[in-house]
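Trainee: Before I ask anything, here is the structure I am working with.
2 protein chains.
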Amino acid sequence: MEFKNWMDEKVLKIEECLRTIIKEEKNPQKVIYESMNYSLLCGGKRLRPVLMLGTYELFKDNAEEIIPFACAMEMIHTYSLIHDDLPAMDNDDYRRGRLSNHKKFGEATGILAGDGLLNRAFETGLEAALKSKVEITSAVKALYEIAKSSGADGMIGGQIVDIYGHDKISSVEELKYMYSLKTGAIIKSSVKAGAILGGADENQLRALETYADNIGIAFQIEDDILDVTSTQEKLGKKIGSDIANDKVTYLSFSTIEKSRKDVEQFTDEAIKSLEMFGDRAKHLIELAKYLTNRDH
Amino acid sequence: MEFKNWMDEKVLKIEECLRTIIKEEKNPQKVIYESMNYSLLCGGKRLRPVLMLGTYELFKDNAEEIIPFACAMEMIHTYSLIHDDLPAMDNDDYRRGRLSNHKKFGEATGILAGDGLLNRAFETGLEAALKSKVEITSAVKALYEIAKSSGADGMIGGQIVDIYGHDKISSVEELKYMYSLKTGAIIKSSVKAGAILGGADENQLRALETYADNIGIAFQIEDDILDVTSTQEKLGKKIGSDIANDKVTYLSFSTIEKSRKDVEQFTDEAIKSLEMFGDRAKHLIELAKYLTNRDH
Chain A
1 MEFKNWMDEK VLKIEECLRT IIKEEKNPQK VIYESMNYSL LCGGKRLRPV
51 LMLGTYELFK DNAEEIIPFA CAMEMIHTYS LIHDDLPAMD NDDYRRGRLS
101 NHKKFGEATG ILAGDGLLNR AFETGLEAAL KSKVEITSAV KALYEIAKSS
151 GADGMIGGQI VDIYGHDKIS SVEELKYMYS LKTGAIIKSS VKAGAILGGA
201 DENQLRALET YADNIGIAFQ IEDDILDVTS TQEKLGKKIG SDIANDKVTY
251 LSFSTIEKSR KDVEQFTDEA IKSLEMFGDR AKHLIELAKY LTNRDH
Chain B
1001 MEFKNWMDEK VLKIEECLRT IIKEEKNPQK VIYESMNYSL LCGGKRLRPV
1051 LMLGTYELFK DNAEEIIPFA CAMEMIHTYS LIHDDLPAMD NDDYRRGRLS
1101 NHKKFGEATG ILAGDGLLNR AFETGLEAAL KSKVEITSAV KALYEIAKSS
1151 GADGMIGGQI VDIYGHDKIS SVEELKYMYS LKTGAIIKSS VKAGAILGGA
1201 DENQLRALET YADNIGIAFQ IEDDILDVTS TQEKLGKKIG SDIANDKVTY
1251 LSFSTIEKSR KDVEQFTDEA IKSLEMFGDR AKHLIELAKY LTNRDH
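So the protein lines, in turn, are chains A and B.
Counting from 1, one number per residue, gives the positions in the first sequence under our numbering.
Counting from 1001, one number per residue, gives the positions in the second sequence under our numbering.
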């Protein structure tokens, strides 16, 4: 199957599942369901769940078995965006071209919608651990990997460094540390969870960690480049906001040309690490290229 | 063992475990660990984890096996208090007699410390599912029960009703609905998780649900009474705040005397539902009485 068709099919299945997860019941708390769905069902790129499915397919053909786990990852990603946008954090009024959650529903609901999505992510994963055909120990190991990556030692820690330590970042190594937590951690656990659910051995898991580390940093550098070179329509948010906010980015330590070369090099490293999987890795290879040839 | 000794011993073991859960590593995000521990290790009553351990002991003697699950519940309770206190929610500067998390660490860290504790709750529970001697399917079922109770269909939903629907509460039934979600849901899942981990059958589970429903509402009415009759020292927060904030409470529909009688009646119902467990239920019986004979 051609990559684009493969990707479209995966995104379609993820969207289908996401739409069933939060039922908008007509009870006194109904605004919480509405606000959770507002952010969850807004057509993001679904990269993390697609990565999980793509990795799983290195090992097994029935990716539909693990879609709830993939959706759990998307819920964690979505909750982090809602909380990032809050006034006490980045104070962003727009996300993906429309009002951010707290601008649409108020700050209290924004906080609780984020909480609700994080909670629902684990609820969904635990339910899938009980009901899917995946062996339960593998399911719990995958969920544990996801939980470690999204917590204080991972994504939340990266958010703290971004908020409080940003001014102190004085080297590209420090910046990469922050990126490895803030965006890298859950990209990596998406890949690792797919591998664990698929039954990867230690060697395969290590190779996939290398893949994930490299696409994670390439993805983030590409984001920094896009903030300068893309357009507001394509990005769904203001461009040049990093410069306007005096934010340290990869471009603070490098030219655009050099940064583009680095993206290529990290992408090449990622692809090289997949050699052992032969032709089964073709979609993950294309995914690595796709991630870093975006215009949004 | 006398109830007080039993309770003290359980709280001690819970505190011991809680202290090991968040290591204050000296990395760039260290403030997140500090802020999470600030709220987690402040000597709350630990009622929810004690309830879980007490219920488990109806079935098994090795309660130390499930302490990480009990601590996960305490982390969920703690995160909910941190987010409740935020300016966009109840805007409380004090909690348990000292500065609330966001007043101490700033609002962004308060939000993230809450997120981190919710996340760490599941991390801790999933790790225990893999490493403890509890049968893994029971562990996952217990965690799933916890997750359902703390999300949008449970505690978070109750918080939404409290914030947005409070003015519309015009009957004691509507108030009880809000209480059953906001505080009742995780009290109930503490009991249910203990029962599931202990291997309860359907009949036993139903009896314990009745116990939990009744102590949950009794506990909440007692809280409403204490807000009027306790002192600031004992309560660790301002008394009379419900009246000052024009909040609908149980006392909006009832006198103090009638409310006290209702507390007694719910407590009696709770105790009655434990009959089938005979002498093994003695600590849960005392716990029901203790919950509703507090002065704080």
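Heads up, the beta-carbon is just placed ideally off N, CA and C, and yes, glycines get one too.
Taking the straight line between their C-alpha atoms, what separation do you get for residue 1200 of chain B and residue 1209 of chain B?
Mentor: The straight-line gap from Cα to Cα measures roughly 12 Å.
Trainee: If I measure Cβ to Cβ from residue 214 of chain A and keep anything under 6 Å in the same chain, skipping five residues before and after, which residues do I get?
Mentor: Once the five neighbours on either side are set aside, the close Cβ partners of residue 214 of chain A are 266, 269 and 270.
Trainee: In angstroms, rounded to a whole number, what distance separates the CA positions of residue 1045 of chain B and residue 147 of chain A?
Mentor: Going by the C-alpha atoms only, they are around 27 Å apart.
Trainee: For the segment 117-138 of chain A, enumerate the residues whose C-beta is nearer than 7 Å to any C-beta of chain B, in chain order.
Mentor: If the cut-off is 7 Å between Cβ atoms, the segment 117-138 of chain A has 118, 119, 120, 122, 123, 126, 127, 129, 130, 136 and 137 near chain B.
Trainee: Mind checking whether residue 1221 of chain B and residue 1259 of chain B have CB atoms under 8 Å apart?
Mentor: Against a cut-off of 8 Å, the Cβ pair of residue 1259 of chain B and residue 1221 of chain B comes out as a contact.
Trainee: Would you call the CB atoms of residue 152 of chain A and residue 1079 of chain B closer than 8 Å?
Mentor: Cβ distance not < 8 Å, so residue 152 of chain A and residue 1079 of chain B don't count as in contact.
Trainee: Between residue 159 of chain A and residue 1157 of chain B, which are expected to be in contact by the criterion C-beta below 8 Å, what is the C-beta distance as a whole number of angstroms?
Mentor: No, residue 159 of chain A and residue 1157 of chain B are not in contact; Cβ-Cβ is about 26 Å, not under 8 Å.
Trainee: Can you name the residues of chain A whose CB is closer than 7 Å to the CB of residue 1161 of chain B?
Mentor: Under the 7 Å cutoff, chain A gives 28 and 29.
Trainee: So, residue 1066 of chain B versus residue 1013 of chain B, is the Cβ gap smaller than 8 Å?
Mentor: No, they are not a contact pair.
Trainee: Between which two residues does the alpha helix (DSSP H) containing residue 124 of chain A stretch?
Mentor: Start and end: 107-131.
Trainee: Buried or exposed: residue 1062 of chain B, going by 16 or more other Cβ atoms within 10 Å of its Cβ?
Mentor: Residue 1062 of chain B comes out exposed.
Trainee: In the DSSP output, what is residue 98 of chain A paired with across the bridge?
Mentor: According to DSSP, which records beta bridges pairwise, residue 98 of chain A is partnered with A/95.
Trainee: Can you round the beta-carbon distance between residue 263 of chain A and residue 175 of chain A to whole angstroms, since I take them to be within the 8 Å contact cut?
Mentor: The pair is not a contact, with the Cβ atoms about 15 Å apart (cut-off 8 Å).
Trainee: For residue 1069 of chain B, which three-state DSSP category applies?
Mentor: Looking at residue 1069 of chain B - three-state DSSP - the assignment turns out to be helix.
Trainee: With DSSP collapsed to three states, give me the class of residue 134 of chain A.
Mentor: DSSP places residue 134 of chain A in coil when its eight states are reduced to three.
Trainee: Note down the Cα distance separating residue 76 of chain A from residue 17 of chain A, rounded to an integer number of angstroms.
Mentor: Roughly 15 Å separates the two Cα atoms.
Trainee: Tell me, please, whether the CB atom of residue 1257 of chain B is closer than 8 Å to any CB atom in chain A?
Mentor: False, the Cβ-Cβ gap to chain A never drops below 8 Å.
Trainee: Answer with yes or no whether the minimum CB distance from residue 21 of chain A to chain B is below 8 Å.
Mentor: Judged by the 8 Å Cβ criterion, residue 21 of chain A is not in contact with chain B.
Trainee: In whole angstroms, give me the CA-to-CA distance for residue 1089 of chain B and residue 112 of chain A.
Mentor: So the alpha carbons of these two residues sit roughly 10 Å apart.
Trainee: Could you check if residue 189 of chain A is buried or exposed, using at least 16 other CB atoms within 10 Å of its CB as the buried criterion?
Mentor: Buried: at least 16 other Cβ atoms inside 10 Å.
Trainee: Please name the residues in the segment 140-151 of chain A whose beta-carbon is closer than 8 Å to at least one beta-carbon of chain B, in chain order.
Mentor: Those residues of the segment 140-151 of chain A that come within reach of chain B (Cβ to Cβ, closer than 8 Å) are 140, 141, 143, 144, 147, 148, 150 and 151.
Trainee: Do we get a CB-CB distance below 8 Å when we pair residue 1052 of chain B with the residues of chain A?
Mentor: Not one chain A Cβ lies under 8 Å of residue 1052 of chain B.
Trainee: If you drop the 5 nearest sequence neighbours on each side, which residues of the same chain put their C-beta closer than 6 Å to that of residue 1280 of chain B?
Mentor: Hits under 6 Å: 1058.
Trainee: What residues of chain A sit near residue 1089 of chain B, judged by a beta carbon separation below 8 Å?
Mentor: By Cβ distance, chain A contributes 108 and 111.
Trainee: Does the separation of the CB atoms of residue 1140 of chain B and residue 130 of chain A fall below 8 Å?
Mentor: Yes, they are a contact pair.
Trainee: Compare the C-beta of residue 1166 of chain B with all C-beta atoms of chain A and state if any pair is closer than 8 Å.
Mentor: No, its Cβ sits nowhere closer than 8 Å to a Cβ of chain A.
Trainee: Thinking C-beta only, is residue 102 of chain A closer than 8 Å to residue 81 of chain A?
Mentor: It is not a contact, given that the beta carbons lie outside the stated cut-off.
Trainee: Could you say which of B/1185, B/1230, B/1197 and B/1167 lies nearest to residue 1245 of chain B if we only look at CA atoms?
Mentor: Among B/1185, B/1230, B/1197 and B/1167, the Cα nearest to that of residue 1245 of chain B is on B/1167.
Trainee: For a cutoff of 8 Å on Cβ pairs, would you count residue 1077 of chain B as touching chain A?
Mentor: For residue 1077 of chain B, the answer is no, since every Cβ of chain A falls outside 8 Å of its Cβ.
Trainee: So residue 1186 of chain B contacts chain A; which residues on that side make the cut at Cβ distance below 7 Å?
Mentor: What residue 1186 of chain B touches in chain A: nothing, since even the nearest Cβ is about 11 Å away.
Trainee: Less than 8 Å between the C-beta atoms of residue 1212 of chain B and residue 1196 of chain B, yes or no?
Mentor: Not in contact: residue 1212 of chain B and residue 1196 of chain B (Cβ atoms no closer than 8 Å).
Trainee: Could you check where the alpha helix (DSSP H) with residue 17 of chain A kicks off and where it finishes?
Mentor: First-last of the alpha helix (DSSP H) with residue 17 of chain A: 3-21.
Trainee: What's the gap between the Cα of residue 1064 of chain B and the Cα of residue 1035 of chain B?
Mentor: Answer to the nearest angstrom: the Cα atoms are 27 Å apart.
Trainee: Identify whether residue 89 of chain A lies in helix, strand or coil by the three-state DSSP scheme.
Mentor: The answer is coil: DSSP assigns residue 89 of chain A none of H, G, I, E or B.
Trainee: Should residue 144 of chain A and residue 1257 of chain B be called a contact, given that it needs their Cβ atoms to be closer than 8 Å?
Mentor: No, Cβ-Cβ distance for residue 144 of chain A and residue 1257 of chain B is not below 8 Å.
Trainee: When you compare only the Cα positions, how much space is there between residue 165 of chain A and residue 10 of chain A?
Mentor: Going from the Cα of residue 165 of chain A to the Cα of residue 10 of chain A covers about 37 Å.
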